[in-house]
């Protein structure tokens, strides 16, 4: 049985999903989860933890051994546009690194499998480019952000009950030091600090938690005395996987949550769009009968985007990366569609159209919430149409400051002379072979592209 701890805005939905799936046991429930579910959840250590990302677009799954991947698969299967990526720089992993640069508040460190950011307060002394360091990943980051994982020079392992730190001999807790009452001691050379949660846990649970930390600490300690080498990973205590939820998946998670407690349509979609929306959603569900359909107009009126605002096109890729295609001004807002206009800079050509980018060109993009595609019309400074590019993607989500989706490679273009061309099917096929796009999602993309191609040719 795999034990799972869940936190964040998707907690109720994922708790219900996993509790109804054989092989998983929810542990360390929050107070609201304890209240909502008839089941009684144990307060014992978790093999896997699921936490909502800071931008609320998905979750981070940290797990031991194959259990983390199994949970990731179960979560990803919740919707057709849920995608996952394994992190090459996982939480708590220990690396030999080399400082490549210093910035105002820290250093950039080459880890071999990626780069990390080492804040100066997390170092043991002055660092300069060229220095070799042994570092641990304090905070992993999603692949769709521009951030680097945060590093530290000290070493620790933690779970929901305690934190074990290397190089210290003083144990601590918020109350009585329960360490003396357990049959297990912290590993020699490591000190334990118990969390508030430990004060209400059984001795058996605390012993199990400390055994888990000792085991992970042993794995790390084996490499701490080794000579520093080229940038590379030296020890791993757990896997880190990121799951990005698309629009259809958020609505599927609404259904899971609705089977447990009052849930308005678009619950997770609204909460993902703006932190300020969480309280509004909770209040609505507490005092009102939820609407039968996603209240897009109400949501955008309250939180945006509005006509005159500028929003970014956040163009996700199936390998987990995300690019900013630039921001544009919202010039129109009708029903669930917004129109944005961007001024293009000269130089290069427009993808697939083969047309030179000139000064004064504009790009007018129409984005419809929930649609699997969106068109961009390029015009010259004189207003002459230079071509239309239709991007096929996971269902578009229109958030207050950005439009979000994952590009599915295959696209359709219409040239200025009226010629229609379908492009990049080979890239979609390659993404399938690499495991970045599940076949059901790829088939949906191909179907959408065929429909667009037919419509533009008429």
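Numbering (this note's numbering), first residue to last: 849 to 1306. Using N, Cα and C, we set each Cβ at its ideal position, and we do this for glycine too. All of these numbers come straight from a predicted model, not from anything done at the bench.
Mind checking which residues open and close the beta strand (DSSP E) that includes residue i?
{"i": "residue 1101", "result": "Looking at the DSSP string, residue 1101 is not in any beta strand (DSSP E); the run it does join, the alpha helix (DSSP H), is 1095 to 1106."}
{"i": "residue 1177", "result": "1170 to 1182"}
{"i": "residue 934", "result": "930 to 934"}
{"i": "residue 1205", "result": "Element bounds for residue 1205: n/a, residue is neither H nor E."}
{"i": "residue 1244", "result": "Looking at the DSSP string, residue 1244 is not in any beta strand (DSSP E), and its letter there is neither H nor E."}
{"i": "residue 944", "result": "942 to 950"}
{"i": "residue 1187", "result": "1185 to 1191"}
{"i": "residue 986", "result": "980 to 987"}
{"i": "residue 1130", "result": "Not the beta strand (DSSP E): residue 1130 falls in the alpha helix (DSSP H), residues 1125 to 1135."}
{"i": "residue 992", "result": "Where residue 992 is concerned, there is no enclosing beta strand (DSSP E), given that its DSSP letter is neither H nor E."}
Classify residue i: buried if its beta carbon has 16 or more other beta carbons within 10 angstroms, exposed otherwise.
{"i": "residue 1116", "result": "buried"}
{"i": "residue 1287", "result": "exposed"}
{"i": "residue 1255", "result": "buried"}
{"i": "residue 926", "result": "buried"}
{"i": "residue 915", "result": "buried"}
{"i": "residue 1266", "result": "exposed"}
{"i": "residue 953", "result": "exposed"}
{"i": "residue 1080", "result": "exposed"}
{"i": "residue 1104", "result": "buried"}
{"i": "residue 1135", "result": "exposed"}
{"i": "residue 1061", "result": "buried"}
{"i": "residue 1076", "result": "exposed"}
{"i": "residue 969", "result": "exposed"}
{"i": "residue 973", "result": "exposed"}
{"i": "residue 958", "result": "buried"}
{"i": "residue 1158", "result": "exposed"}
{"i": "residue 1131", "result": "exposed"}
{"i": "residue 889", "result": "buried"}
{"i": "residue 1242", "result": "buried"}
{"i": "residue 1224", "result": "buried"}
Going by DSSP, what residue range makes up the alpha helix (DSSP H) through residue i?
{"i": "residue 1146", "result": "1144 to 1151"}
{"i": "residue 1280", "result": "1273 to 1281"}
{"i": "residue 1119", "result": "1115 to 1121"}
{"i": "residue 921", "result": "915 to 924"}
{"i": "residue 899", "result": "Here residue 899 belongs to no alpha helix (DSSP H); instead the beta strand (DSSP E) covers 896 to 900."}
{"i": "residue 1303", "result": "1287 to 1305"}
{"i": "residue 1064", "result": "1051 to 1072"}
{"i": "residue 860", "result": "859 to 867"}
{"i": "residue 883", "result": "879 to 884"}
Go through its chain and collect everything with a Cβ distance to residue i's Cβ below 8 Å, but skip five positions before and after it.
{"i": "residue 1037", "result": "1014, 1015, 1017, 1069"}
{"i": "residue 905", "result": "990, 992, 1092, 1093, 1120, 1252"}
{"i": "residue 950", "result": "956, 975, 976, 977"}
{"i": "residue 1180", "result": "1155, 1186, 1187"}
Going by alpha carbons, who is nearest to residue i out of the options?
{"i": "residue 1194", "options": "1184, 1209, 1004, 1028", "result": "1209"}
{"i": "residue 1054", "options": "1239, 860, 1148, 891", "result": "891"}
{"i": "residue 1221", "options": "930, 1132, 1295, 953", "result": "1295"}
{"i": "residue 1108", "options": "997, 1063, 884, 870", "result": "884"}
{"i": "residue 1250", "options": "1045, 1161, 930, 889", "result": "1161"}
{"i": "residue 1029", "options": "1011, 1049, 1012", "result": "1049"}
{"i": "residue 1067", "options": "1305, 1077, 1078, 1082", "result": "1082"}
{"i": "residue 995", "options": "1217, 1176, 1185, 1170", "result": "1170"}
{"i": "residue 1145", "options": "1131, 1272, 1118, 1167", "result": "1118"}
{"i": "residue 851", "options": "866, 1282, 873", "result": "873"}
{"i": "residue 1004", "options": "1233, 1236, 1035", "result": "1035"}
{"i": "residue 1178", "options": "882, 1213, 1172, 1130", "result": "1213"}
{"i": "residue 1303", "options": "918, 1132, 1262", "result": "1262"}
{"i": "residue 1087", "options": "936, 1225, 1164", "result": "936"}
{"i": "residue 859", "options": "877, 1237, 1149", "result": "877"}
{"i": "residue 1248", "options": "1150, 857, 1074", "result": "1150"}
{"i": "residue 1001", "options": "1008, 1297, 985", "result": "985"}
{"i": "residue 1063", "options": "1051, 1033, 1272", "result": "1033"}
So, for residue i: in the same chain, excluding its five sequence neighbours on each side, which residues have a beta-carbon less than 7 Å away from its beta-carbon?
{"i": "residue 1301", "result": "1260, 1268, 1270"}
{"i": "residue 932", "result": "920, 924, 1089, 1090, 1091"}
{"i": "residue 1141", "result": "1113"}
{"i": "residue 1056", "result": "892, 893"}
{"i": "residue 897", "result": "853, 910"}
{"i": "residue 901", "result": "907, 908, 990"}
{"i": "residue 1308", "result": "Only positions 849 to 1306 of the chain appear in this structure, which leaves residue 1308 out of reach."}
{"i": "residue 1071", "result": "942, 1082, 1083"}
{"i": "residue 1125", "result": "1118, 1119, 1151"}
{"i": "residue 962", "result": "936, 937"}
{"i": "residue 1192", "result": "1205, 1209, 1210, 1211"}
Sort out for me which residues DSSP pairs residue i with in a bridge.
{"i": "residue 1227", "result": "1210, 1233"}
{"i": "residue 974", "result": "DSSP lists no partner for residue 974."}
{"i": "residue 1253", "result": "1163"}
{"i": "residue 1001", "result": "Paired residues: none, contrary to the question."}
{"i": "residue 1109", "result": "In DSSP, residue 1109 forms no bridge with anything."}
{"i": "residue 1269", "result": "1261"}
{"i": "residue 1238", "result": "1223, 1260"}
{"i": "residue 1080", "result": "944"}
Residues in the same chain with beta-carbon distance under 6 Å from residue i, minus the five sequence neighbours each way, listed in chain order, please.
{"i": "residue 981", "result": "945"}
Under the criterion of a Cβ to heavy atom distance below 7 Å, does residue i qualify as lining the ligand FMN?
{"i": "residue 1116", "result": "No copy of the ligand FMN appears in this structure; indeed no ligand is present at all."}
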